[in-house]
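Asker: Top to bottom, those sequences are chains A and B.
In terms of the working numbering, the first sequence has 70 at position 70, counting the first letter as 1, and numbering is strictly consecutive.
In terms of the working numbering, the second sequence has 731 at position 245, counting the first letter as 1, and numbering is strictly consecutive.
Heads up, the beta-carbon is just placed ideally off N, CA and C, and yes, glycines get one too.
Number of protein chains: 2
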Amino acid sequence: MLEKVDLDRKLSKEEFKSLWPPLREKLGEAQRMTKELGIPVMIVFEGWDGAGKGTLMNELIQALDPRGFEVHNVKPDQERLWPPMRRFFQTTPPRGKIGIYNRSWYRRILDGEESDRVFDEITSFERQLAQDGYCIIKLFLHISKKEQRKRLKALEENHATSWRVTQEDWENHRRYDEIAQRVERMIHRTDKGHAPWTLVESHQREYATIKIAQTVLEGLERAVKEAQGRAQSPRVVSSGLGVERALKTSIFKSLDMDQSLSEETYKKELKECQRRLRDVQYSLYKVRRPLVIVFEGMDAAGKGGCIKRLTQNLDPRGYQVVPTSAPNDWERAHHYLWRFWESFPKGGHVGIYDRSWYGRVLVERIEGFCSEEEWRRAFGEINEMERQWADFGAIIVKFWLHVTPDEQLKRFKERQEDPLKRWKITDEDWRNREKWGLYEEAAEEMFMRTSTPEAPWVLVEGNCKRLARVKVLKEVLKRAETLLNI
Amino acid sequence: MLEKVDLDRKLSKEEFKSLWPPLREKLGEAQRMTKELGIPVMIVFEGWDGAGKGTLMNELIQALDPRGFEVHNVKPDQERLWPPMRRFFQTTPPRGKIGIYNRSWYRRILDGEESDRVFDEITSFERQLAQDGYCIIKLFLHISKKEQRKRLKALEENHATSWRVTQEDWENHRRYDEIAQRVERMIHRTDKGHAPWTLVESHQREYATIKIAQTVLEGLERAVKEAQGRAQSPRVVSSGLGVERALKTSIFKSLDMDQSLSEETYKKELKECQRRLRDVQYSLYKVRRPLVIVFEGMDAAGKGGCIKRLTQNLDPRGYQVVPTSAPNDWERAHHYLWRFWESFPKGGHVGIYDRSWYGRVLVERIEGFCSEEEWRRAFGEINEMERQWADFGAIIVKFWLHVTPDEQLKRFKERQEDPLKRWKITDEDWRNREKWGLYEEAAEEMFMRTSTPEAPWVLVEGNCKRLARVKVLKEVLKRAETLLNI
């Protein structure tokens with residue numbers, strides 16, 4: 001997922017100047033509330049070398065009452081005279097105070113110590129503290145390899161700072177892609193509702209500063225609300241400052257929605273893909289591995305059409321399309337993941353989900369069908385489930401079919417005018433359309449928290465149906481053929 | 487710990503007859519409440535071959551409304567066409583119903599599949615369900631190797647049942663001790679506040695039936711109370727039927743409190759032990775492993791005297807005695823385990839705790855200084871902490887110093903009469919004495935849930951101070967010398 005993050009987001013000087021002062025004030029206020037309520041807070045700064053941890057931490061600190069926080073610089077644990085987590089337990093802030101960590105207990109993982117035991121120790125640490133009322137906020141400061149190189153060079157060329165760049169920094173720079181994989185694994189295994197990660201796009205100081213401040217503010221306000229035992233609102237806390245709008249994530253903007261495919265190329269490629277897919281189906285069967293394909297996306301983005309092309313040439317005894325609508329009473333009487341465990345394809349079979357368990361963090365979140373605590377917990381629960389499936393040997397690929405609002409409107413109108421398709425469009429579709437921004441926001445958070453190496457999200461530009469269909473088939477083939485060594 | 491369980495507990499026919507009918511009625515009532523409140527319940531029967539799972543499950547079922555439960559017989563998963571946890575997710579009961587499992591998701595572990603991944607899958611399964619409101623009750627039916635042999639023989643000799651005894655059963659019987667270790671590891675890694683294990687002494691059907699019924703009743707009542715959002719009482723739920731008294735655990739009764747040691751032997755052995763302990767201290771230092779020794783026990787059981795003999799001949803630069811009293815304000819401002827992480831001895835050093843983190847599940851539980859949810863959660867948290875210490879290389883041994891009420895009274899009086907010792911006795915000691923039964927009960931649950939292979943409890947007969955002191959020293963030596971290969 002890291003490679004999909006748009007790192008070039010910026011705020012204009014004016015935007016920054018108008019956002020920062022009120023945000024600082026709000027932060028100070030939130031800090032006073034946590035103090036009053038005796039909530040201990042831990043804020044973790046991790047990130048690439050050269051991402052600006054020191055600078056950005058400093059910006060945040062400006063907004064806080066200096067009597068209320070302590071900064072901990074975490075060096076590698078070289079002596080190892082105590083069990084690894086001890087030094088972190090020692091620095092946990094007392095109730096009402098804030099601990100800020102420049103690097104943290106994640107250092108071990110990022111330095112390469114990636115065993116199950118280390119993950120166990122860390123998740124146990126955070127869970128124990130969260131259950132005791134600790135508010136835990138984790139930031140990962142992200143820059144590209146190119147940007148890192150530029151920054152290391154700049155430091156090196158300056159007499160005052162050249163000593164800060166070591167041989168090891170360059171060594172790590174060369175291994176950027178490998179470390180990026182490690183970062184992803186780390187984030188996905190430790191991204192919990194009670195201790196979530198936030199990725200901070202850190203190419204521009206202003207943007208990163210506001211994003212960090214907003215993330216911390218949201219975390220504190222959530223903790224305050226929980227401590228006050230108030231009913232949870234289904235939406236994230238809003239600072240009311242228009243910060244969310246200014247920070248607006250833009251994974252969707254990075255999509256080139258004007259691409260298209262000619263009818264001729266489409267026919268040729270479709271045929272070829274469908275032929276290969278049939279081979280994949282037999283290979284799956286031979287080795288008894290299941291293939292799980294998930295479709296989510298905006299209404300009228302063309303999920304049905306993709307699924308049709310996907311299954312057209314498959315052996316019908318070996319696949320099942322599972323349409324997911326609102327749970328019925330019997331399903332509601334179980335855990336929300338129950339029906340998806342139930343419909344999971346057996347070894348050798350293909351399960352195609354037309355909408356899925358991700359409804360929990362999309363429609364259920366937006367419509368308030370579950371509590372905030374529940375949908376926040378869901379990211380981790382879903383990752384656990386998909387990891388178990390992958391461990392079993394399942395091949396998983398998840399598609400988000402995207403259309404622009406204009407294209408959606410065009411399709412809605414076509415459906416209304418076509419008597420054969422009119423049933424497809426309901427009042428709900430029109431209502432959902434009004435919540436476009438909320439869906440984009442929820443979808444982006446979902447990509448961040450659940451696109452894992454074993455179950456990645458693929459975003460599909462859906463304005464051209466032909467292009468979308470071929471892309472879906474190719475991506476399924478790529479993933480399946482790689483994992484099956486065909 | 488399994489070997490310390492007194493398996494010969496019995497109820498007289500009269501006791502059984504007086505307890506069973508009202509308990510059945512209460513169970514039926516509790517079942518109706520869970521149904522009304524929509525609480526889903528899962529009851530797991532695991533245990534040794536021949537422990538009587540079928541029979542005892544049947545007894546329990548008699549007390550339940552048959553429309554409200556379903557029994558699942560769990561066979562080995564031979565085909566493996568789905569991820570392992572799927573079949574268990576499928577059988578989760580809907581809200582308001584009870585699922586009873588004859589063997590369960592623990593089968594994999596007991597059959598030898600003991601990887602971190604399996605433990606992760608299981609703990610994730612139970613946690614996800616518990617967070618969704620599921621009530622999970624896990625029973626392990628325990629019999630001795632001798633009893634198992636007797637029962638297998640009996641089955642074999644009966645024409646009607648001989649087919650039930652397989653070659654594999656005998657094979658497992660021969661490996662009883664090895665499997666017992668596995669059972670202990672399994673119980674300790676999966677004994678959570680939200681899904682606790684209960685060990686059922688199963689030599690006598692009547693005793694086991696009542697214990698199972700009482701455990702299930704307590705579990706249901708706790709779930710009902712939680713669902714109703716009522717304030718938690720610090721003590722366990724009581725059925726008010728005198729069942730607890732009848733079931734009274736008797737680890738303490740198995741102690742021979744009349745043992746004693748002559749002055750002469752004492753002197754000789756003490757000297758020899760102290761000499762070896764000094765060697766142990768140097769060996770520890772050489773390999774930089776810490777040694778943690780915990781003392782808990784009744785008031786006036788002689789903890790101080792033991793600690794004195796333990797340290798008499800040690801190099802004072804290498805050990806520290808940590809007295810634990812009620813937490814001060816600063817300590818209270820942190821997680822309750824914080825101060826113990828803080829005082830943990832560094833590699834090569836000895837830390838001796840005069841009372842410890844176990845206060846959470848002893849005095850804090852009994853006096854209501856923490857909520858029931860908190861002390862129940864503490865067992866798992868403590869196990870996690872000790873496991874991290876052991877993984878790091880720490881050698882851990884925990885002593886419970888026991889005296890009889892009579893002996894305690896004698897010592898209290900002596901203290902009061904001796905002007906030099908009068909400070910040692912306070913009103914609180916007299917008050918605690920009145921809670922003898924509660925302390926025994928809490929201590930026994932503590933042994934069960936926290937005596938792990940890496941951090942075992944040792945019970946010390948403390949009526950004869952000389953004997954207790956020598957036993958403590960010998961046990962420390964045994965454990966340290968074994969783990970250090972001296």
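Which of the residues in the region 819-841 of chain B, read from start to end, lie with their CB under 8 Å from any CB of chain A?
Answerer: Hits within the stretch, in order: A819, H820, H821, Y822, L823, W824, W827, E828, F830, K832, G833, G834.
Asker: Say yes only if the C-beta of G783 (chain B) is nearer than 8 Å to one or more non-hydrogen atoms of the ligand ADP, and no if none qualify.
Answerer: This structure lacks the ligand ADP, and indeed carries no ligand of any kind.
Asker: Between which two residues does the alpha helix (DSSP H) holding I868 (chain B) run?
Answerer: From DSSP, the alpha helix (DSSP H) with I868 (chain B) extends over 858-878.
Asker: By the 10 Å Cβ neighbour count, where 16 or more other Cβ atoms means buried, how is R917 (chain B) classified, buried or exposed?
Answerer: Its Cβ having fewer than 16 others within 10 Å, R917 (chain B) is exposed.
Asker: At a Cβ threshold of 9 Å, is D120 (chain A) touching chain B?
Answerer: True, the Cβ-Cβ gap to chain B drops below 9 Å.
Asker: Based on Cα-Cα distance, which residue from B:L959, B:A786, B:D602 lies nearest to C759 (chain B)?
Answerer: If we check each option's Cα against that of C759 (chain B), B:L959 comes out closest.
Asker: Could you give the C-beta distance for W375 (chain A) and R360 (chain A), rounded to a whole number, given that I count them as a contact under 8 Å?
Answerer: Rounded, the Cβ-Cβ distance is 6 Å, consistent with contact.
Asker: Taking DSSP as the reference, what is the three-state secondary structure of K17 (chain A)?
Answerer: Helix.
Asker: So, are the CB atoms of V350 (chain A) and Q320 (chain A) less than 9 Å apart?
Answerer: Yes, the Cβ-Cβ distance between V350 (chain A) and Q320 (chain A) is below 9 Å.
Asker: Okay, do the region 92-110 of chain A and the region 30-48 of chain A touch, 3+ Cβ pairs below 8 Å being the bar?
Answerer: With a cut-off of 8 Å, the region 30-48 of chain A and the region 92-110 of chain A count as touching, because enough Cβ pairs lie within range.
Asker: In this structure, how does DSSP classify W534 (chain B) when only helix, strand and coil are distinguished?
Answerer: Three-state DSSP puts W534 (chain B) in coil, outside helix and strand.
Asker: Starting from the Cα of P290 (chain A), find the closest Cα among A:I212, A:D120, A:S343, A:G47 and give me that residue.
Answerer: Among A:I212, A:D120, A:S343, A:G47, the Cα nearest to that of P290 (chain A) is on A:S343.
Asker: Residues of chain A with a CB under 7 Å from the CB of M571 (chain B): which are they?
Answerer: Near M571 (chain B) (Cβ distances below 7 Å), the residues of chain A are Q388.
Asker: Any contact of the region 83-93 of chain A with the region 45-55 of chain A, i.e. 3+ C-beta pairs under 8 Å?
Answerer: Contact between the region 83-93 of chain A and the region 45-55 of chain A is absent, because fewer than three Cβ pairs lie under 8 Å.
Asker: Which of the residues in the region 371-387 of chain A, read from start to end, lie with their CB under 7 Å from any CB of chain B?
Answerer: Those residues of the region 371-387 of chain A that come within reach of chain B (Cβ to Cβ, closer than 7 Å) are R377, E381, E384.
Asker: Give the secondary structure of E82 (chain A) by DSSP, where H, G and I count as helix, E and B as strand, and everything else as coil.
Answerer: In the sequence as presented, Glu is not what sits at residue 82 (chain A); that position holds Trp. It is coil, neither helix nor strand.
Asker: Taking the Cβ atom as the reference point for each residue, do G297 (chain A) and V460 (chain A) lie within a distance shorter than 9 Å?
Answerer: A contact, by the Cβ cut-off of 9 Å.
Asker: Comparing alpha-carbon positions, which option in A:R32, A:L314, A:R309 lies nearest V280 (chain A)?
Answerer: Answer by Cα proximity: A:L314.
Asker: Rounded to whole angstroms, what's the CA-CA distance from G38 (chain A) to R803 (chain B)? Just pull it up for me.
Answerer: Going by the C-alpha atoms only, they are around 39 Å apart.
Asker: Using only alpha-carbon positions, find the residue among B:L638, B:E545, B:Q902, B:R764 that is nearest to W656 (chain B).
Answerer: Answer by Cα proximity: B:L638.
Asker: Counting only Cβ-Cβ distances shorter than 8 Å, please list the residues of the region 125-146 of chain A near chain B, keeping chain order.
Answerer: Hits within the stretch, in order: Q128, L129, Q131, D132, Y134.
Asker: Would you please state the rounded distance, in angstroms, between the beta carbons of I212 (chain A) and E444 (chain A)? I believe it to be under 8 Å.
Answerer: Not really, about 17 Å apart at Cβ, beyond 8 Å.
Asker: Please report the distance separating the alpha-carbon of L270 (chain A) from that of F555 (chain B).
Answerer: Spanning the two alpha carbons is a distance of roughly 51 Å.
Asker: Over what stretch of residues does the alpha helix (DSSP H) that includes I432 (chain B) continue unbroken?
Answerer: No information on residue 432 (chain B) is available, as it lies outside the stretch 487 to 972 that chain B covers here.
Asker: Look at the alpha carbon of E459 (chain B) and the alpha carbon of R566 (chain B), and state the distance between them as a whole number of angstroms.
Answerer: Because chain B here runs from 487 to 972, residue 459 (chain B) falls outside it and cannot be looked at.
Asker: Per the contact definition of three or more C-beta pairs closer than 8 Å, is the region 492-509 of chain B in contact with the region 558-565 of chain B?
Answerer: As far as the Cβ criterion goes, the region 558-565 of chain B does not touch the region 492-509 of chain B, which means the pair count is below three.
Asker: By the DSSP assignment, the beta strand (DSSP E) with D427 (chain A) in it spans what residues?
Answerer: From DSSP, D427 (chain A) is part of no beta strand (DSSP E) but of the alpha helix (DSSP H) over 427-434.
Asker: At the level of alpha carbons, what is the spacing between L220 (chain A) and E331 (chain A)?
Answerer: Taking the straight line from one Cα to the other gives about 35 Å.
Asker: Below 8 Å, can you find three or more Cβ-Cβ pairs linking the region 433-448 of chain A to the region 361-370 of chain A?
Answerer: Touching, yes.
Asker: Please look up how many angstroms separate the CB atoms of L2 (chain A) and A180 (chain A), rounded, as I've assumed it's under 8 Å.
Answerer: Indeed they touch by this definition, with Cβ atoms about 5 Å apart.
Asker: Would F125 (chain A) and M85 (chain A) be called neighbours here (beta carbons separated by less than 9 Å)?
Answerer: Yes.
Asker: Could you check whether the Cβ of P942 (chain B) sits closer than 9 Å to any Cβ belonging to chain A?
Answerer: Judged by the 9 Å Cβ criterion, P942 (chain B) is not in contact with chain A.
Asker: What are the boundary residues of the beta strand (DSSP E) that includes H888 (chain B)?
Answerer: Taken as a continuous stretch (DSSP letters only), the beta strand (DSSP E) holding H888 (chain B) covers 881-888.
Asker: Any C-beta of chain A sitting closer than 9 Å to the C-beta of V723 (chain B)?
Answerer: Below a pLDDT of 50, predicted positions are generally treated as unreliable, and V723 (chain B), at 43, falls in that range; no measurement from the model is reported.
Asker: Which whole-angstrom value describes the C-beta separation of H674 (chain B) and Q128 (chain A), a residue pair presumed to lie in contact below a C-beta threshold of 8 Å?
Answerer: Not really, about 17 Å apart at Cβ, beyond 8 Å.
Asker: May I have the straight-line CA-CA distance separating R908 (chain B) from G788 (chain B), to the nearest angstrom?
Answerer: Cα-Cα distance, rounded: 15 Å.
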